[in-house]
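Numbering (the UniProt record's numbering), first residue to last: 1 to 362. First up is the structure itself, then whatever we jot down about it.
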Amino acid sequence: MANTNPKKSALHEIPGIPSPESVSIEAAHSIQSFRKKTPTPAELVQGILAGNITALSRAITLVESTNPKHLSQANEVINSCLSHVKESVRIGITGVPGVGKSTFIEAFGKHLTSLGRKVAVLAVDPSSTISHGSILGDKTRMEELVKDKNAFIRPSASGETLGGVARKTRETITLCEAFGFDTIIIETVGVGQSETAVHSMVDFFLLLKIAGAGDELQGIKRGIMEMADAIVINKADGDNIRKSNLAKVEFNRALHLFPAKKSGWTPTTATCSAITKEGISAIWETILHYLKTTQSNQYFFEKRASQNQYWMLETINEYLKNHFYNHPEIVPLLEKNKEAVAQNALSPFAAAQDILDTYFKK
Ligand SMILES: Nc1nc2c(ncn2[C@@H]2O[C@H](COP(=O)(O)OP(=O)(O)OP(=O)(O)O)[C@@H](O)[C@H]2O)c(=O)[nH]1
Ligand SMILES: [Mg+2]
Numbered sequence: 001m002a003n004t005n006p007k008k009s010a011l012h013e014i015p016g017i018p019s020p021e022s023v024s025i026e027a028a029h030s031i032q033s034f035r036k037k038t039p040t041p042a043e044l045v046q047g048i049l050a051g052n053i054t055a056l057s058r059a060i061t062l063v064e065s066t067n068p069k070h071l072s073q074a075n076e077v078i079n080s081c082l083s084h085v086k087e088s089v090r091i092g093i094t095g096v097p098g099v100g101k102s103t104f105i106e107a108f109g110k111h112l113t114s115l116g117r118k119v120a121v122l123a124v125d126p127s128s129t130i131s132h133g134s135i136l137g138d139k140t141r142m143e144e145l146v147k148d149k150n151a152f153i154r155p156s157a158s159g160e161t162l163g164g165v166a167r168k169t170r171e172t173i174t175l176c177e178a179f180g181f182d183t184i185i186i187e188t189v190g191v192g193q194s195e196t197a198v199h200s201m202v203d204f205f206l207l208l209k210i211a212g213a214g215d216e217l218q219g220i221k222r223g224i225m226e227m228a229d230a231i232v233i234n235k236a237d238g239d240n241i242r243k244s245n246l247a248k249v250e251f252n253r254a255l256h257l258f259p260a261k262k263s264g265w266t267p268t269t270a271t272c273s274a275i276t277k278e279g280i281s282a283i284w285e286t287i288l289h290y291l292k293t294t295q296s297n298q299y300f301f302e303k304r305a306s307q308n309q310y311w312m313l314e315t316i317n318e319y320l321k322n323h324f325y326n327h328p329e330i331v332p333l334l335e336k337n338k339e340a341v342a343q344n345a346l347s348p349f350a351a352a353q354d355i356l357d358t359y360f361k362k
């Protein structure tokens with residue numbers, strides 16, 4: 001016969017004396033509610049303008065969010081920040097893995113803060129769109145800069161597409177500038193389309209190289225050479241100095257084969273060592289010279305205006321693509337037609353037209 005008396009069950013436990021809470025419940029509640037309290041866009045803007053770095057970080061997180069609910073809040077923050085953006089210089093830095101970008105940014109960034117500048121370091125990393133990894137994760141290479149109160153380092157956002165990641169970095173620039181950072185450094189690796197994206201958000205584009213076995217120009221993408229306002233050969237120290245100087249001459253010769261730039265600026269070449277700091281200050285002098293040239297011939301302002309237009313169109317493209325590819329009617333139809341095209345049951349064009357007609361409800 002089953003034991004129906006719970007008190008007699010073998011599983012019955014006699015309640016003991018409850019142990020006292022190690023944390024005051026009231027205090028825990030108040031900490032929790034403070035943490036959970038999401039600041040309003042207006043509060044974030046207020047914090048950014050007041051120089052509150054936590055507010056800046058939270059605003060960037062909002063901008064990077066893929067939650068559609070955050071989109072309008074993020075836009076509100078960015079829009080309010082726009083009118084507070086101060087004068088700034090945006091510098092793009094690219095180079096293949098291992099060339100010394102992080103070490104260079106550490107040395108260059110420290111030099112800038114020693115001159116009284118406020119430096120924000122951001123990144124566009126195409127690999128983060130696939131692996132969700134991010135450059136600048138290696139903050140160990142920027143030990144000094146990380147500790148510098150006049151510097152701010154933010155790893156690359158991760159996201160679905162390079163376009164999405166790049167747009168978020170573009171928006172983050174606005175937040176950093178409203179905060180008061182007057183020098184924005186954007187790092188990217190020399191692979192994929194990321195250079196084009198970074199080039200379209202900076203004033204000055206710097207290509208970092210190292211001296212090789214002599215045939216320096218091999219393997220360098222023509223497009224990147226054309227984008228560069230300066231080519232800097234890093235690791236010009238020790239036994240490498242002579243080779244670096246030779247590489248510099250060779251790059252200089254190659255640069256002169258390109259047609260003159262609309263900016264009126266002739267790209268320069270230089271050598272430096274991010275370790276010994278030799279040549280670092282001269283690179284900043286070059287950038288100042290570039291700013292003077294392009295601001296007096298107006299190119300600087302025209303370029304920023306056309307970059308703004310570019311990002312407007314990019315944002316529309318990105319939005320339309322997302323809307324299309326995530327549309328509930330399109331997702332299954334796309335799979336179906338992909339299969340039909342693979343089987344030669346439908347021509348690629350007819351299959352595409354079918355999907356587009358469904359989307360536009362023709
Ligand atoms: N001798 C010498 N070594 C350098 C210099 N700059 C960087 N290095 C070394 O080169 C290696 C790569 O440097 P990083 O700064 O990590 O290079 P990176 O371009 O950021 O590399 P990824 O983050 O992998 O794309 C490290 O071991 C650095 O210490 C330099 O000017 N001289
Ligand atoms: Mg690095």
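Cβ atoms here follow ideal geometry from the backbone N, Cα and C, with glycine treated the same way. Predicted model only: the values in this text are computed from it and were never measured.
- Note that the stretch 290–304 does not touch the stretch 92–107; fewer than 3 beta-carbon pairs, one per stretch, sit closer than 8 Å.
- Measuring C-alpha to C-alpha distances from K110 to each of E87, D148, A352 and Q193 identifies D148 as the nearest.
- Taking C-beta atoms under 8 Å as the contact rule, F204 and D182 fail to qualify, at a distance of about 14 Å.
- Using a 10 angstroms sphere on the CB of T271, the tally of other CB atoms reaches 16 or more, which defines it as buried.
- Here L208 is near I93, since their CB atoms are less than 8 Å apart.
- Relative to ligand 1, the nearest heavy atom lies less than 7 Å away from the CB of F104.
- For Y325, the closest C-alpha among the options V85, T161 and G116 is that of T161.
- By the CB criterion at 8 Å, L175 and I78 fall inside the cutoff.
- DSSP places L206 inside the beta strand (DSSP E), whose first and last residues are F204 to I210.
- A distance below 6 Å between beta-carbons, with the five flanking residues on each side excluded, links I287 to the following residues of its chain, in chain order: F204.
- In the DSSP secondary-structure assignment, T61 is not bridged to any residue.
- The stretch 65–76 makes no contact with the stretch 193–200: fewer than 3 CB pairs, one atom from each, lie closer than 8 Å.
- Counting along the chain, G95 sits inside the beta strand (DSSP E) bounded by residues V89 to G95.
- Counting only the Cα atoms, N245 lies some 47 Å from T66.
- For F152, no alpha helix (DSSP H) segment is defined; the enclosing uninterrupted segment is the beta strand (DSSP E) at A151 to I153.
- Counting of Cβ neighbours within 10 angstroms places A305 among the exposed residues, the total staying below 16.
- Where L112 is concerned, the enclosing alpha helix (DSSP H) starts and stops at K101 to S114.
- Relative to ligand 1, even the nearest heavy atom lies 7 Å or more away from the CB of S263.
- Looking at K261, E335, L112 and S273, the one whose alpha-carbon comes closest to that of Y299 is K261.
- With respect to the C-alpha of K235, the residue from D125, S200, K221 and I210 having the closest C-alpha is I210.
- Put simply, the backbone Cα of G180 is about 14 Å away from that of S80.
- V121 and S156 have their C-alpha atoms roughly 10 Å apart.
- The beta-carbon distance between L112 and W284, rounded to whole angstroms, is 7 Å. This is short enough to meet the 8 Å contact definition.
- Taking the Cβ atoms as the reference, E177 lies roughly 5 Å from S88, within the contact range of under 8 Å.
- Three or more Cβ pairs drawn from the stretch 323–338 and the stretch 348–360 lie within less than 8 Å of each other, which places the two stretches in contact.
- The nearest non-hydrogen atom of ligand 2 is less than 7 Å from the C-beta of K101.
- Under the three-state reduction of DSSP, E329 is assigned to coil, being neither helix nor strand.
- For T266, no pairing in a beta bridge is given by DSSP.
- For P348, the CB stays at least 7 Å from every heavy atom of ligand 1.
- Only residues of its own chain outside the window of five on either side were considered, and among them N337, A340 and D354 have a CB closer than 8 Å to the CB of L346, listed in chain order.
- Non-local beta-carbon contacts of T172 in its own chain, meaning distances under 7 Å to residues more than five positions away in sequence, involve I60, V63, L122 and R154 in chain order.
- Taking 8 Å as the cut-off, the Cβ atoms of M142 and Q307 do not count as close.
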